[in-house]
Amino acid sequence: MYAQEVKSTGEAVKSLKEMSPEERAFQEKIDAGVKIEPKDWMPEGYRKTLIRQISQHAHSEIVGELPEGNWITRAPTLERKAILLAKVQDEAGHGLYLYCAAETLGVSRDEMTEQLLSGKAKYSSIFNYPTLTWADIGAIGWLVDGAAIMNQVPLQRCSYGPYSRAMIRICKEESFHQRQGYAIMMQLMKGDAAQREMAQDALNRWWWPSLMMFGPSDADSVHSAQSMAWKIKQNTNDELRQKFVDQTVPQAEFIGLKIPDPDLKWNEEKGGYDFGEIDWNEFHEVLKGNGPCNKERMEARRKAWNDGAWFRDGLMAHAKKRAAKKIAAE
Amino acid sequence: MPNADSRELALRMGDNCLILAQRLGAWCGHAPALEEDIALANTALDLIGQTRLWLGLAGEMEGGKSADDLAFQRDARAFRNCLLVEQPNGDYAHTLVRQFLFDAWHAPMLTGLMKSADPRVAEIAAKSIKEVDYHLERSTDLVIRLGDGSEESHARMQSALDDFYPFAGELLTPDAVDEALAEAGLALDLQSVRSAWRSHVAATLQEATLTAPVDAPVRKGGKQGLHSEALGYVLAELQWMQRAYPGAEW
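So the sequence lines, in the order shown, correspond to chains C and F. Mapped onto numbering that gives the first Met the number 0, the consecutive letters of the first sequence carry residue numbers 0 to 329. Mapped onto numbering that gives the first Met the number 0, the consecutive letters of the second sequence carry residue numbers 0 to 249.
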């Protein structure tokens with residue numbers, strides 16, 4: 000979910016009859032639930048789609064450190080500071096596993112970083128929104144990690160072994176983050192008027208962008224159909240969004256928060272909530288780079304990378320010297 | 000047992016951890032490599048954990064104050080951290096050299112405190128040393144690799160060392176409180192920490208092809224609450240929420 004609108008081959012899904020023998024064997028393996036491993040044969044489209052999806056996911060973890068990192072020095076208690084540090088450290092760790100998983104498909108971390116910094120690769124739209132108050136840290140954990148989990152739980156069963164295994168580790172930590180975020184909101188709602196207002200304001204600002212995290216309705220998307228046939232994706236965006244809304248609304252009500260959607264209504268027949276129309280114009284603007292923080296986020300990543308060049312070069316230079324000394328000694 | 004002195008020791012130890020963690024936390028998302036982001040967050044997390052133990056002890060001796068009370072409700076003059084840890088992050092070389100000079104003191108200090116006559120102090124030291132041994136291993140390794148790395152990394156590390164070396168003296172020079180603590184068996188004699196620090200730093204710098212400044216003036220005052228101007232801004236960020244919403248729970 001940190002992967003939105005991942006392009007696949009752009010072509011219709013082939014039937015087994017239309018496939019080459021290799022493709023057919025590959026598809027049959029997937030259909031039988033056998034994991035694909037790095038050295039196995041795979042169609043080029045599968046490899047490329049996965050690289051796009053995993054790297055977008057990894058970039059989102061890295062860029063996602065910024066809005067949360069923004070509050071580390073200002074966290075209101077030592078305990079909250081420790082929890083936030085641990086969370087951001089986890090996110091960076093997720094980025095690391097995911098880059099490693101993508102590397103098994105034949106792309107280097109430096110290449111992926113290059114694609115992020117040049118704007119060629121995307122990251123989740125959600126991280127282009129600002130964290131203005133402490134309650135935003137609660138809202139991110141509760142809503143953003145909550146939405147991410149919706150998508151990531153099925154990804155544990157993804158057909159590609161290294162991605163699936165990375166997701167199993169990641170999901171354990173994300174569900175912890177979500178509970179921590181909700182705990183922040185709960186504490187705020189037990190607090191005074193100013194704290195409750197802070198929590199409601201955060202929900203008002205993060206609710207719709209969280210729903211956008213699932214991406215546009217993809218029922219007709221060929222990208223989505225191919226990814227589903229390959230078991231890179233297991234559910235449609237709308238299914239996951241609905242599940243998220245159904246799970247989150249009662250959580251909000253339980254602590255006295257109001258979902259900022261006048262059209263939100265329980266639909267007995269479908270056994271879920273109906274909710275208002277998402278502002279897709281805003282979503283596309285944010286993806287295009289016109290969100291409130293796109294510029295700052297990319298500048299921060301570029302600055303970190305550029306300012307750190309001497310550090311990385313220095314380590315390489317040392318490794319070379321050491322290797323040369325070792326050879327000389329032999 | 001002179002309670003007041005154990006309290007002063009806990010404040011000094013805790014404030015060093017807190018202010019350094021605060022500095023490290025600001026790097027989050029901005030470090031030169033993903034592994035460094037993880038490592039700095041991890042180190043900051045360790046130091047916040049230690050802060051809670053030390054300031055918890057100091058607060059207990061102050062009649063039931065919490066670690067949070069001490070972290071968020073004191074003004075700059077009451078902070079007892081050394082000047083080194085409050086120095087601005089600078090470039091990554093400065094951050095690493097600051098960490099190295101501190102770790103090289105922190106590890107032998109904690110090792111000594113494990114034998115403190117105050118069992119509460121000894122217990123916190125024993126818990127902390129495992130983490131700090133690792134901090135020292137990591138910062139030592141990076142000082143060596145970057146000192147003896149490229150021309151630029153060498154120059155940056157040397158410049159950071161020139162800037163921060165003068166602050167290390169404060170950690171190693173006993174004042175009246177340190178002397179009283181050593182006398183009472185609550186802490187170790189700083190002379191022994193000094194010799195451990197010197198031999199570790201000298202060996203590391205030699206391998207790193209870096210040179211310690213000769214006759215650097217010692218910059219000190221933090222232990223007595225006479226800080227650099229930098230601390231006020233660190234506290235402004237650290238304490239802002241608690242100051243803006245007095246009495247609120249988070």
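In this text, a Cβ means the ideal position worked out from N, Cα and C, and glycines have one as well. Keep in mind it's a predicted model, so treat the numbers as computed, not measured.
Flag residue i as yes if its beta-carbon sits less than 9 Å from any beta-carbon of chain A, otherwise no.
i	result
Gly160 of chain C	In the displayed structure, chain A is absent; the protein chains listed are C and F.
Three-state secondary structure (DSSP) at residue i?
i	result
Asp306 of chain C	helix
Ile341 of chain C	There is no way to answer for residue 341 of chain C, as the model of chain C reaches only from 0 to 329.
Gly214 of chain C	coil
Tyr232 of chain F	helix
Lys13 of chain C	coil
Met0 of chain F	Caution applies to Met0 of chain F, whose pLDDT of 41 falls short of 50 and renders its modelled position unreliable; the model cannot decide the point.
Tyr159 of chain C	strand
Met185 of chain C	helix
Gly290 of chain C	coil
Lys325 of chain C	helix
Glu248 of chain F	coil
Asp68 of chain F	helix
Lys6 of chain C	coil
Pro208 of chain C	helix
Gly28 of chain F	coil
Asn150 of chain C	helix
Met197 of chain C	helix
Phe78 of chain F	coil
Arg296 of chain C	helix
Lys171 of chain C	helix
State the Cα-Cα distance for the pair residue i and residue j, rounded to the nearest angstrom.
i	j	result
Lys126 of chain F	Arg23 of chain C	58 Å
Ser14 of chain C	Phe274 of chain C	36 Å
Ala229 of chain F	Ala75 of chain F	10 Å
Arg137 of chain F	Thr210 of chain F	20 Å
Trp304 of chain C	Met60 of chain F	46 Å
Gln179 of chain C	Lys325 of chain C	49 Å
Lys264 of chain C	Val248 of chain C	10 Å
Lys47 of chain C	His153 of chain F	40 Å
Ile277 of chain C	Leu10 of chain F	53 Å
Gly255 of chain C	Arg79 of chain C	22 Å
His317 of chain C	His56 of chain C	32 Å
Pro1 of chain F	Ala20 of chain F	The predicted model places Pro1 of chain F with a pLDDT of 44, which falls under 50 and marks its position as unreliable, so this point remains unresolved.
Ile205 of chain C	Ala138 of chain C	For the sequence presented, residue 205 of chain C should be read as Trp rather than Ile. Going from the Cα of Trp205 of chain C to the Cα of Ala138 of chain C covers about 7 Å.
Lys257 of chain C	Ala251 of chain C	7 Å
Arg164 of chain C	Ser216 of chain C	28 Å
Ala328 of chain C	Lys319 of chain C	14 Å
Glu10 of chain C	His222 of chain C	7 Å
Asp262 of chain C	Gln233 of chain C	28 Å
Leu84 of chain C	Lys34 of chain C	35 Å
Leu17 of chain F	Gln98 of chain F	13 Å
Would you say residue i and residue j are within 9 Å of each other, going by their C-beta atoms?
i	j	result
Cys170 of chain C	Val152 of chain C	yes
Trp70 of chain C	Asp30 of chain C	no
Leu44 of chain F	Leu54 of chain F	no
Tyr128 of chain C	Pro208 of chain C	yes
Gly313 of chain C	Leu145 of chain F	yes
Ile143 of chain F	Ala207 of chain F	yes
Gly307 of chain C	Glu236 of chain F	no
Asn88 of chain F	Gln88 of chain C	no
Gly105 of chain C	Gln225 of chain C	no
Met211 of chain C	Ile125 of chain C	yes
Ala167 of chain F	Thr139 of chain F	no
Trp141 of chain C	Pro75 of chain C	no
Lys121 of chain C	Glu4 of chain C	yes
Leu170 of chain F	Met113 of chain F	no
His93 of chain F	His134 of chain F	no
Ala77 of chain F	Gly13 of chain F	no
Leu202 of chain C	Met185 of chain C	no
Leu116 of chain C	Arg296 of chain C	no
Leu82 of chain F	His226 of chain F	yes
Arg73 of chain C	Trp26 of chain F	no
Phe253 of chain C	Asn236 of chain C	no
Asp90 of chain F	Arg155 of chain F	yes
Touch test, the stretch 42-61 of chain C against the stretch 90-98 of chain C, Cβ-Cβ under 8 Å, three pairs minimum | yes
Three-pair Cβ contact test at 8 Å for the stretch 188-197 of chain C versus the stretch 263-275 of chain C | no
Length at least 4, wholly inside the stretch 74-139 of chain C: the alpha helix (DSSP H) runs in chain order = 77-102, 108-116, 134-138
Any beta strand (DSSP E) of 3 or more consecutive residues that is wholly inside the stretch 229-280 of chain C = 264-266, 271-273
Just checking, does the stretch 178-188 of chain F make contact with the stretch 3-22 of chain F on the three C-beta pairs under 8 Å criterion?
-> yes
Are at least three pairs of beta-carbons, each pair with one atom in the stretch 79-88 of chain F and one in the stretch 241-248 of chain F, less than 8 Å apart?
-> no
Kindly provide the ranges of any alpha helix (DSSP H) runs that are 4 or more residues long and lie completely inside the stretch 85-145 of chain F, ordered along the chain.
-> 91-112
May I have a chain-ordered list of the alpha helix (DSSP H) segments no shorter than 4 residues that lie completely inside the stretch 36-73 of chain C?
-> 43-62, 64-68
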